[in-house]
Amino acid sequence: MELVFNILFHLASSIGLSEDNEAFALATVQAINAARRPY
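For the record, in the sequence shown the residue sitting at position 15 is 1306 according to this note's numbering, with numbers rising by one throughout.
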């Protein structure tokens, strides 16, 4: 999952999100984890 975080971080940086890139990546990873969590 760290690889996904790094990819999202660099994607957000390239898009131009400077302050929100880490928060965006964390939120996306959390969403992925929630979606993959078995119920």
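No residue lacks a Cβ here, since even glycine has one placed at the ideal position from N, Cα and C. In this text, all values refer to a predicted model and were calculated from it rather than measured experimentally.
Contact belief for residue i with residue j at Cβ below 8 Å, rounded distance in angstroms
i	j	result
THR1319	LEU1299	5 Å
ALA1303	PHE1315	5 Å
Simplified DSSP assignment, three categories, for residue i
i	result
PRO1328	One point to set straight first is that residue 1328 is Arg, not Pro, in the sequence displayed. The answer is coil: DSSP assigns ARG1328 none of H, G, I, E or B.
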